[in-house]
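Q: Sequences listed follow chains A and B, in order. When you line the first sequence up against the numbering used here, it's residues 3 to 254, in that order. When you line the second sequence up against the numbering used here, it's residues 477 to 946, in that order. This is the structure I have questions about; it appears just below.
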Amino acid sequence: MSNTLKIENLQASVEGTEILKGLSLEVPKGEVHAIMGPNGSGKSTLSKVLAGHEDYEVTAGSALMDGVDLLGMEIDERSRAGFFLAFQYPHEIPGVSNANFLRAALQARLPKGEEIDAVAFYKDMYAKMDELEMDRKFTGRSVNEGFSGGEKKRNEILQMMMLEPKYAVLDETDSGLDIDALKVVAQGVNAMRSPERGMLVITHYQRLLDYIVPDVVHVMFDGKIVKSGGKDLALELEEKGYDWVKEELAAA
Amino acid sequence: MSDQATLDAVNIADTGDFSYPEDYKHDAGTGLNEGVLDYISDIKKEADWVRDFRKRALKVFNDKPMPTHWASKDLENIVFQNIRYYLAKGQTPTRSWDEVPDDVKETFERLGIPEKERKFLAGVEAQFDSEAAYSNVKEELTKEGVVFVNSTEGLREHPEIFRKWFGKVIPTGDNKFSALNSAVFSGGSFIYVPPGVKVKHPLQAYFRINAENFGQFERTLIIVDEGAEVTYMEGCTAPKFETATLHSAVVELVAMKDAKIQYITVQNWSNNVFNLVTKRGIAHENAEIRWIDCNIGSRLTMKYPGVIMKGRKARGEVISIALANDGQHQDTGAKMIHAADETTSNVIAKSISVGTGRSTYRGQVHIPKHLKGCKNNTECDALLINTNSRTDTYPAITVKGNQHATQHEASVSQVSEDQIFYMKQRGLNEAEAMSLSVNGFINDLAREFPMEYSVELKRLIDLQMEGSVG
C-alpha cells in the first residue's frame, strides 16, 4: 500500500464546462504541499472534486488515497477513510451545536453498536480548543451560525484536529483571517504535521506560507499544475506575480 | 396459539411495526349502533347518565357531516361500519407491575420504555387497547389526594369530582369526531389534583393500538384545582396494519385559579392510522395551560390543541412539532380563545415535510373587542426536505379592538444540498446528515420536552430519516 495521495491526469467539469484539464499531483504522507494560483485556475474545484461534490463530473483521470480509489467512494466514505476538506466557506447548521456535530462525526467512525466515550471526547475537544484559543462557550453554539470569518476557519481546523484525517486539503483557509487569527490557525495546522499525514494547502497569497512552511509548492493555472518547486517558489511568485508564470507558459 | 406462532408474530425488527396475536375477552364486533353503546356500558357497569350521554352523542355523530368543506377529502375513506369500537382484555387495572400480562410487558419492552423510567415517574397508567393494563399511583400522591384513574373508574367511583367538567370543555357536538368519541369512549386518564398540590414528577400514560380495524377512543379529563400544578405525558406508537385504523381521542383540561397544567405528547402512529383528536383546556384566572405536542407518523392527523383563557391573566401555550413523511398528512395547529382581560397566548409550531409528506398549520386566535390588554404571539416554521414536499399555513387571527398586541411570523426553509455536503464531508451518511439537520431545526422546541422524551424524539426522527433516503 502506497502512503500517498496520488492524483493523475484529473479532468473534471461543471455544467459541461471543463475546469480541471489533466491535473497531476502527489502528496506523500509526512509532507505539506501548497497550491497557489490566480483566481479561476480551478483550485477550489480540485478540492470539491476530491471531496466528491455532486455538481462536478469527473471525465478522466484518477485519485488514489493510499492506493485506494478515492473517486469511487461516496462523500461520507471518503471522509471516514481519512480524507478531510477544510472549507473555504463553511456551512451553517442551525440548531446543531458544535459539540454535537463533532460527536456525530466521530460516532460515524465507530463500529455499529459502539458508543463514543463522552468524558474522553470532551477532554480531547477542550484540549484542542485551548490550542486554538477558542472559548469553551463555543461548544454550545450552532455550527458556524453567526460566526465571524476567523471563527469559522478556526472551527474547520478544530474539526480537522478532532477527526485526525490521513490527508487534509485546506481550501483558502487564510481568506478572511486577520494576522493574529492566521497565526493561531497556522499553529493548529503545524501541530497536525505528522509522518502519518499529508496536507495540501490551497492559497491565493504567499502570506499563509510564512506560517505554514510547505515542503513543495505547486502553481496551478487553467486547470493544471504548471510548475512545482521548493518553498522559495512561493516567494518568487509573490515577487513576480502570476503573470510571470503565464509568460513562461506562453513562451514554452 | 403455539409458542412458535407467537414468536413469529413478534419477531419483526422494526420498532412499532409489529403486533401481537389478538386474544380479547370482550369484543363489541364491527359497526356502530346503540347496541354497541349498551354493550360498552354494560361491561363498564356505567351509571345511567353515562349511558344516556353515549346515546345522545351517537345521534349527534350521525347528524353531523364530515368537515370536508375545509379539511382533507381523505376523511371520506373512513368506513365507520368496518370499525370495531370496543375491545378489552376484560381485566381491571392492576396495581402492581407483576400482575401485568407478559405480552403487554413485551410490547412496552419493544417500545424501548426503560425500566428505570418507571421508577422515577410518579404514576404510570399505560393503556393497552381499550382498558388500562397498568395503573399505579405512588403512595405519596394518594396521600395528597391526587386521583389518577382511567375514565371508567373516574366516572363510576368519583362522579362528584369529574361529572361537573366531563364533556363541558369539549361538548359532544363540538365536531363529528368529538361526538364519536363521546359515544364510544373507553380508557384514557382521569386526574384530579387538589388545591395547592404541586405534583413533582410527571404523570404518564403509554398507549397503543393493537387490533386491526380497531378504533381507539380514549377520553382524558384533568382537573387541577386552585394553585395546584401537574405535568402529564402521553406517548403513542402503533403497529402497522393493512387496513386503516381510527384513533379519535378527546382530552379536556381544567386549570382553576392560579393552577398550571402541562400536557406533553410524543406520538408515532403507523402510517395507516387516522388520528383525529380534540384537545382543549380552560384556564381560569391567572392559570396556565401548555400543550407540548409532537406528531410523527399516521396517515392523517388532525389536531389543534386549544386553550380558552377564561379568567383574567390566564395564559395559554401550544408548542407543536409535526413530521409528515411520504404519503402522510399532518394537519395540526392551535386554537387560542381569549375570553378575559390581560390574557396571553403563545403558539410555536414547526413542521417537517419529507418526500410527498404534507404538513398543514391551522391556527385560530380569537380576541374580542370588549377585552383589554391581550397578547398573542404565533410563529410557524416549515422545513421541506424534498422538492415534492408540501406545506400550507392557514392562520385565522381575529383581533378586535385596539388594546391588544399580536404578532405572527411564518417561514419556510429547505435543507440545502451544500449543508448536507458539508456534513457528509465530515463522515455522516445521508440519513445521519438529514436527521441532524431536522433535529437542529426543532432543537429549540425539543428542549421543552422532558429529557427522556427528547431522546425518544430524536430516535423517532432518526428512524424516519433512515427510511426517507434511498
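Each residue gets a CB set at the ideal place from its N, CA and C atoms; glycine is no exception. Please read all numbers here as calculations on a predicted model, not as lab measurements.
Could you please give me the residues that DSSP links to B/Gly833 through a beta bridge?
A: Answer is none; B/Gly833 lacks a bridge partner.
Q: Determine the contact status of B/Tyr708 and B/Tyr739, defining contact as a CB-CB distance below 8 Å.
A: Yes, the pair counts as a contact, with Cβ atoms nearer than the cut-off.
Q: Run down chain A in chain order and give the residues with a C-beta less than 7 Å from the C-beta of B/Gln895.
A: Residues of chain A passing the Cβ test: His93 and Ile95.
Q: Relative to chain A, which residues along the stretch 792-822 of chain B have a C-beta separation below 9 Å, given in chain order?
A: Hits within the stretch: zero.
Q: From the DSSP output, in three-state form, read off A/Glu153 for me.
A: Helix at A/Glu153.
Q: Can you check which of these residues, B/Val512, B/Lys644, B/Glu694 and B/Val675, is closest to B/Gly664 by C-alpha distance?
A: Out of B/Val512, B/Lys644, B/Glu694 and B/Val675, B/Glu694 has the C-alpha closest to the C-alpha of B/Gly664.
Q: Report the neighbours of A/His55 on chain B: residues whose CB is nearer than 7 Å to its CB, in chain order.
A: Residues of chain B passing the Cβ test: Phe897.
Q: Can the beta-carbon of A/Gln13 be found closer than 8 Å to that of A/Leu27?
A: Not in contact: A/Gln13 and A/Leu27 (Cβ atoms no closer than 8 Å).
Q: Closer than 7 Å, Cβ to Cβ, to anything on chain B: give me those residues from the stretch 62-84 of chain A, in chain order.
A: Per Cβ criterion, the list reads Ile77, Asp78, Ser81 and Arg82.
Q: How about B/Ala735 and B/Val783: do their beta carbons lie closer than 8 Å?
A: Not closer than 8 Å, so no.
Q: If A/Val219 sits next to A/Lys242, beta carbons under 8 Å apart, how far is it from one beta carbon to the other, in whole angstroms?
A: Going by Cβ atoms, the distance from A/Val219 to A/Lys242 rounds to 14 Å, so no, they are not a contact pair.
Q: Nearest to A/Leu237 by CA position, among A/Asp180, A/Val203 and A/Gln208, is which residue?
A: The residue with the shortest Cα to Cα distance from A/Leu237 is A/Gln208.
Q: Does B/Leu597 have its Cβ less than 8 Å from a Cβ in chain A?
A: Below a pLDDT of 50, predicted positions are generally treated as unreliable, and B/Leu597, at 32, falls in that range; the measurement from the model is reported next regardless. B/Leu597 does not count as touching chain A.
Q: Could you have a look at A/Ile227 and say whether DSSP puts it in helix, strand or coil?
A: Three-state result, A/Ile227: strand.
Q: Tell me where the beta strand (DSSP E) around B/Gly757 begins and ends.
A: Looking at the DSSP string, the run of the beta strand (DSSP E) that includes B/Gly757 is Val749 to Ala759.
Q: Quick one: which chain A residues come within Cβ less than 8 Å of B/Gln940?
A: Those do not exist, as B/Gln940 stays about 17 Å from chain A at its closest Cβ, beyond 8 Å.
Q: Out of B/Leu508, B/Phe917 and B/Asp550, which has the shortest C-alpha to C-alpha gap to B/Asp807?
A: Looking at the Cα atoms, B/Asp550 is the closest of the given residues.
Q: Output yes if chain A places a C-beta closer than 8 Å to the C-beta of B/Leu483; else output no.
A: Confidence at B/Leu483 is low in this model, with a pLDDT of 38, below 50, so its placement is unreliable and the value that follows should be read with caution. For B/Leu483, the answer is no, since every Cβ of chain A falls outside 8 Å of its Cβ.
Q: Is B/Trp546 helix, strand or coil by DSSP?
A: Of the three classes helix, strand and coil, the one that applies to B/Trp546 here is coil, per DSSP.
Q: Would you say the stretch 183-199 of chain A touches the stretch 56-68 of chain A, given that touching needs at least three Cβ pairs under 8 Å?
A: No contact exists between the stretch 183-199 of chain A and the stretch 56-68 of chain A.
Q: Which stretch, first to last residue, makes up the beta strand (DSSP E) that contains B/Ala872?
A: Unbroken beta strand (DSSP E) run through B/Ala872: Arg866 to Val875.
Q: List the residues that DSSP assigns as beta-bridge partners of B/His814.
A: In DSSP, B/His814 forms a bridge with B/Met785.
Q: Between the stretch 878-895 of chain B and the stretch 853-863 of chain B, can you find at least three pairs of beta-carbon atoms closer than 8 Å?
A: As far as the Cβ criterion goes, the stretch 853-863 of chain B touches the stretch 878-895 of chain B, which means the pair count is three or higher.
Q: Which residues in the same chain as A/Asn146 place their Cβ atom closer than 6 Å to its Cβ, once the five residues preceding and following it in sequence are excluded?
A: Around A/Asn146: Pro92, Glu94 and Lys154.
Q: Take the Cβ of B/Tyr870 as the centre, count every other Cβ of all protein chains shown within 10 Å, and call the residue buried at 16 or more, exposed below.
A: The residue is exposed, with fewer than 16 neighbouring Cβ atoms inside 10 Å.
Q: Is B/Gln895 buried or exposed, if buried means 16 or more other CB atoms sit within 10 Å of its CB?
A: Flag for B/Gln895 reads buried.
Q: To the nearest whole angstrom, what separates the beta carbons of A/Arg111 and A/Arg82, a pair I think is in contact under 8 Å?
A: 6 Å between Cβ atoms; contact.
Q: To the nearest angstrom, report how far apart B/Ala909 and B/Asp938 are at their CA atoms.
A: If you take the alpha carbons of B/Ala909 and B/Asp938, they lie about 10 Å apart.
Q: Measuring alpha carbon to alpha carbon, tell me which of B/Asn852, B/Ser746 and B/Val706 ends up nearest B/Thr951.
A: A question about residue 951 of chain B goes unanswered here, because the residues of chain B that appear run from 477 up to 946.
Q: Can you list, in chain order, the residues of its chain whose CB lies under 6 Å from that of A/Gly84, leaving out five sequence neighbours each side?
A: Closer than 6 Å at the Cβ level, and outside the excluded window around A/Gly84, lie Pro167 and Lys168.
Q: Who are the neighbours of B/Ala862 on chain A, taking C-beta pairs under 9 Å?
A: For clarity, residue 862 of chain B is Asn in the given sequence; the question names Ala instead. Here the premise fails: no neighbours, minimum Cβ distance about 16 Å.
Q: Counting only beta-carbon separations shorter than 8 Å, does B/Lys934 have a partner in chain A?
A: So no, B/Lys934 is outside the interface.
Q: Taking only runs that begin and end inside the stretch 616-692 of chain B, name each unbroken beta strand (DSSP E) of 3 or more residues, in chain order.
A: Here the runs fully enclosed are 623-626, 665-669 and 679-684.
Q: Is the beta carbon of B/Leu631 less than 8 Å from the beta carbon of B/Phe624?
A: Their beta carbons are not under 8 Å apart, which means B/Leu631 does not touch B/Phe624 by this criterion.
Q: Spatial neighbours of B/Val753 within its chain, please: C-beta separation below 6 Å, excluding the five flanking residues on both sides.
A: So the qualifying residues of the chain are Ala725 and Lys779.
Q: What residues in the stretch 97-111 of chain A have a beta carbon less than 9 Å from any beta carbon of chain B?
A: Answer set for the stretch 97-111 of chain A: Gly97, Val98, Ser99, Asn102, Phe103, Leu104, Ala106, Ala107, Leu108, Gln109, Ala110 and Arg111.
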